Amino acid sequence: MTKLRVAGIGFAAVAALSLTACSGSDTASSGSSSSAPAPAPSSSMASPSNDSAASNGVTTNADVFGPACSQLPQGSAPGSLDSMGPQPVASAASTNPLLTKLVAAVKATNLVDTLNSQQAITVFAPADPAFAALGDAKFAELAGKPAELSPILQYHVVGKRYDAKGLESAGTLESLNTAGGPLKIEGSGDNMTVNGAKILCGNIPTKNATVFVIDKVLTPGTNK
Numbered sequence: 002m003t004k005l006r007v008a009g010i011g012f013a014a015v016a017a018l019s020l021t022a023c024s025g026s027d028t029a030s031s032g033s034s035s036s037a038p039a040p041a042p043s044s045s046m047a048s049p050s051n052d053s054a055a056s057n058g059v060t061t062n063a064d065v066f067g068p069a070c071s072q073l074p075q076g077s078a079p080g081s082l083d084s085m086g087p088q089p090v091a092s093a094a095s096t097n098p099l100l101t102k103l104v105a106a107v108k109a110t111n112l113v114d115t116l117n118s119q120q121a122i123t124v125f126a127p128a129d130p131a132f133a134a135l136g137d138a139k140f141a142e143l144a145g146k147p148a149e150l151s152p153i154l155q156y157h158v159v160g161k162r163y164d165a166k167g168l169e170s171a172g173t174l175e176s177l178n179t180a181g182g183p184l185k186i187e188g189s190g191d192n193m194t195v196n197g198a199k200i201l202c203g204n205i206p207t208k209n210a211t212v213f214v215i216d217k218v219l220t221p222g223t224n225k
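Residue numbers (my numbering): 2 to 225.
Structural data, given as structure tokens:
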């Protein structure tokens, strides 16, 4: 997605990662923006092929909404809407000052290229402040267990691209972690929630995904 501290909003009791575990994946910018989409390096994170989804759920800067959007850099600065728009989602998130902890988690689980290579997805991205509930010790513990973090991260990704209106119409979504149970959308606009998590900044456009920054970590299995 000013860098917020471990106070993060996010992957409810489990989504914290450390950049250390991912020293090999420098920046999301090495993602797949080449001609033909490369197959996802990790099949567990790959979204099902949705030919009809490729042209749906695409947003523009004018569609962005939410109280935290004003915290994004302005103009063409890294992390601004103009800067993130042309980049694949993991690369775009790596410059977003609201998502430093999430980016660390994605790198630790080696999912940068996988996310960048998807053609049309929706990402519910916990903001940094959500991680405060975990505490430093828990964060560090999870950072060393990418196998446990991966299904949590998958629960925040939907294998089809939706904008806010599409989410509202769908009502219930299935994440890439199908075993985690459904994602329930309630409300609309600034009052929209995902499994009870509020949207802080929604409809953020990236090259291959629409991003919704949320204020809590979504825990698999809690909304079955």
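Glycine included, every Cβ here is placed at the ideal spot set by N, Cα and C. Here the structure is a predicted model, which is why all the values come from computation and not from measurement.
Annotation: the continuous beta strand (DSSP E) that includes residue 206 extends over 198–206.
Scanning 203, 219, 178 and 210 for the CA closest to the CA of residue 64 turns up 203. Excluding its 5 nearest sequence neighbours in each direction, residue 76 has no C-beta neighbour in its own chain below 6 Å. The three-state secondary structure of residue 187, taken from DSSP, is strand. The straight-line gap separating the alpha-carbon atoms of residue 106 and residue 206 is approximately 21 Å.
Per the DSSP secondary-structure output, residue 153 pairs with nothing in a beta bridge.
Classified as buried, residue 151 has 16 or more neighbouring CB atoms from the shown chains inside 10 Å of its CB. The DSSP-derived three-state label of residue 130 is helix. The Cβ-Cβ distance between residue 219 and residue 157 falls below 8 Å. Annotation for residue 211: the continuous beta strand (DSSP E) segment containing it runs 210–215. According to DSSP, residue 173 shares a beta bridge with 185. CA-CA distance, residue 190 to residue 124, rounds to 17 Å. At least 8 Å separates the beta-carbon of residue 57 from that of residue 188. Around residue 126, the same chain offers 2, 100, 103, 212 and 214 as residues with beta carbons nearer than 6 Å, after the five sequence neighbours per side are excluded. Beyond the five residues adjoining it in sequence on each side, residue 68 comes within less than 8 Å, by CB distance, of 191, 201 and 202 in the same chain, given in chain order.
In this structure, the CA atom of residue 174 is about 18 Å from the CA atom of residue 209. When DSSP states are grouped into helix, strand and coil, residue 59 belongs to the coil group.
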